[in-house]
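Student:
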Amino acid sequence: MRKGLMVYVLLLLCSLTPAFAAGVNEDSVQNVEDKAGKDAIKSSRELELGVGIFTTSLPHYLGSSEHNKYTVPLPYVRYRSERMSVDRNSAVGYLWQSDNWHLDVSATASLAVDSKDNQARSGMDDLDWVFELGPALDYYFAGQPRSDNYLKSGLFVRKALATDFTSIDDIGFRMGPYMQWQQLLWQEAEQTVSITARGAVNYASSQYVDYFYGVGEHQSTVQRQAYKPQSGYSGSELSVGVNYDSKRWWLGGFVKYYRIKDAVWRDSPLVERHHNLAFGIGLAWKFYNVEGN
698 MRKGLMVYVL
708 LLLCSLTPAF
718 AAGVNEDSVQ
728 NVEDKAGKDA
738 IKSSRELELG
748 VGIFTTSLPH
758 YLGSSEHNKY
768 TVPLPYVRYR
778 SERMSVDRNS
788 AVGYLWQSDN
798 WHLDVSATAS
808 LAVDSKDNQA
818 RSGMDDLDWV
828 FELGPALDYY
838 FAGQPRSDNY
848 LKSGLFVRKA
858 LATDFTSIDD
868 IGFRMGPYMQ
878 WQQLLWQEAE
888 QTVSITARGA
898 VNYASSQYVD
908 YFYGVGEHQS
918 TVQRQAYKPQ
928 SGYSGSELSV
938 GVNYDSKRWW
948 LGGFVKYYRI
958 KDAVWRDSPL
968 VERHHNLAFG
978 IGLAWKFYNV
988 EGN
């Protein structure tokens, strides 16, 4: 019962963005010529509320052959301001800017896994909920954080904590470079269609990797040999999201591909696949929109 409730809460957090894995679709500032106009846009705030339904399929963990599928009704919430935005992958606070350089702080989360529900982990400790928090330094080749169209690259570093909500464990950190592109494909009146693509390369500490892929001597079996992974390259990912947005409706979906064939932990007996795919789609009706300074 508690796990079902927490799944619902996490999917609620994940649904706070209309862009799924694709980033935020924000008002463009790059075509505003005068400084006063830019300042007015940058200082504005926007809040949208609604209700919708969200369905997604996610691997239990990267390298697992088993997936979890969820279809749940959820509130729709989107908030944007000069200093903060909330999207599906993270809650982002804008800390610092100098020309095209931006420093943000972001947080992400991943679902818990009951080992009794995963064949490869049968008899092992459960994987708890994992929350990550840390800074990201971005360079914008085109556009800005609040642009409809942008191209950026960056480097993120996040501290990871695992919890079953009775205790908290430090499980190391994850980091890596990434590139993200967003383009407004169509706009008419208050309706827009946009696409966002993101690619990332991941590196993780030995503590982080061991949490997911290590097998202790007491957990080993004939089919699952003991394994102690090292830190290093932890795979790459590519996601594409498409979103339709209007004053009253939002429809969006994403596909995310993970390649872990060359990861340092690829030889773990818990790795059953060298490729994973995740996807999701959602529909929401918005009953409240407000903008202000």
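If you read the sequence shown in the numbering used here, its first letter stands for residue 698, the second for the next number, and so on.
Don't be surprised by glycine CBs; every beta carbon is placed ideally from N, CA and C.
1. Cα separation between ASP952 and THR752?
2. Could you give the first and the last residue of the continuous alpha helix (DSSP H) run that contains PHE909?
3. For GLU887, which residues in the same chain have their Cβ closer than 8 angstroms to its Cβ, ignoring the five residues on either side in sequence?
4. Quick one, which of PRO926, GLY950, GLU745, ALA897 has its alpha-carbon nearest GLY911's?
5. For LYS813, count the other beta carbons within 10 Å of its own beta carbon; 16 or more makes it buried, fewer makes it exposed. Which is it?
6. State the CB to CB distance for the pair ASP959 and TYR930, rounded to an integer number of angstroms; the pair is presumed to be in contact (CB under 8 angstroms).
7. Have a look at ARG777, MET821, THR860, ASP801 and flag the residue whose alpha-carbon is nearest the alpha-carbon of TYR837.
8. Taking the CB atoms as reference points, tell me whether ALA809 and TRP826 lie closer together than 9 angstroms.
9. Confirm, please, whether the CB-CB distance from LEU792 to VAL987 is below 9 angstroms.
10. What is the C-beta distance between SER891 and TYR875, in whole angstroms, given that I count them as a contact (C-beta under 8 angstroms)?
11. Taking the DSSP output, what are the residues bridged to ALA981?
12. Please say whether GLU934 and GLY760 have beta carbons closer to each other than 9 angstroms?
13. Where does the unbroken beta strand (DSSP E) through PHE828 begin, and where does it stop?
14. Using DSSP bridges, identify the partner residues of PRO772.
15. Can you list, in chain order, the residues of its chain whose CB lies under 6 angstroms from that of GLY896, leaving out five sequence neighbours each side?
16. Please check the pair GLY994 and ALA981, which I expect to be a contact at CB under 8 angstroms, by giving their CB distance rounded to whole angstroms.
17. How far does the beta strand (DSSP E) with TYR941 in it extend, from its first residue to its last?
18. Starting from the N-terminal side, write out each stretch of the alpha helix (DSSP H) that is 4 residues or longer and does not extend beyond the region 855-928.
19. By DSSP, does SER812 sit in helix, in strand, or in coil?
20. How is the beta strand (DSSP E) around LEU759 delimited, first residue to last?
Tutor: On the basis of the coordinates in this document:
1. Along the sequence shown, one-based indexing puts residue 952 at 255. Along the sequence shown, one-based indexing puts residue 752 at 55. Residue identity differs from the one stated: residue 952 is Val in this sequence, not Asp. Rounded to whole angstroms, VAL952 to THR752 spans 12 angstroms at the Cα level.
2. Walking along the sequence shown from the start, residue 909 turns up at place 212. Counting along the chain, the alpha helix (DSSP H) containing PHE909 begins and ends at 903-910.
3. Working through the sequence shown from its first residue, we reach residue 887 at position 190. Same-chain partners within the cutoff: SER943, LYS944.
4. As a position in the sequence shown, residue 911 is number 214, starting the count at 1. Here the closest residue by C-alpha is PRO926.
5. Looking up residue 813 in the sequence shown gives position 116. The residue is exposed, with fewer than 16 neighbouring Cβ atoms inside 10 Å.
6. Here residue 959 refers to the residue found at position 262 when the sequence shown is read from its first residue. Here residue 930 refers to the residue found at position 233 when the sequence shown is read from its first residue. The Cβ separation is near 7 angstroms, so the contact holds.
7. For the purposes of this step, residue 837 is taken as residue 140 along the sequence shown, with counting starting at 1. Answer by Cα proximity: ASP801.
8. On the sequence shown, residue 809 is found 112 positions in, with the first residue counted as 1. On the sequence shown, residue 826 is found 129 positions in, with the first residue counted as 1. Their beta carbons are under 9 angstroms apart, which means ALA809 touches TRP826 by this criterion.
9. Walking along the sequence shown from the start, residue 987 turns up at place 290. Walking along the sequence shown from the start, residue 792 turns up at place 95. Cβ atoms of VAL987 and LEU792: not closer than 9 angstroms.
10. Against the sequence shown, residue 891 aligns to sequence position 194. Against the sequence shown, residue 875 aligns to sequence position 178. Rounded, the Cβ-Cβ distance is 19 angstroms, inconsistent with contact.
11. Taking the first residue of the sequence shown as 1, we reach residue 981 at position 284. DSSP lists GLY749, TRP947 as partners of ALA981.
12. For the purposes of this step, residue 760 is taken as the residue at position 63 of the sequence shown. For the purposes of this step, residue 934 is taken as the residue at position 237 of the sequence shown. In this structure, GLU934 does not lie closer than 9 angstroms to GLY760 by Cβ.
13. Numbered from its first residue, the sequence shown carries residue 828 at position 131. Looking at the DSSP string, the run of the beta strand (DSSP E) that includes PHE828 is 826-839.
14. Residue mapping note: residue 772 aligns to position 75 of the sequence shown, counting from 1. DSSP output for PRO772 lists VAL748 as bridge partner(s).
15. Counted from its first residue, the sequence shown places residue 896 at position 199. Cβ within range, chain order: MET876, LEU935.
16. An answer regarding residue 994 cannot be provided, because it is not within the stretch 698 to 990 covered by the chain.
17. The sequence position of residue 941 within the sequence shown is 244, counting from 1. Element bounds for TYR941: 929-942.
18. 903-910
19. For the purposes of this step, residue 812 is taken as residue 115 along the sequence shown, with counting starting at 1. Helix at SER812.
20. Taking the sequence shown and counting its residues from 1, one reaches residue 759 at position 62. Looking at the DSSP string, LEU759 is not in any beta strand (DSSP E), and its letter there is neither H nor E.
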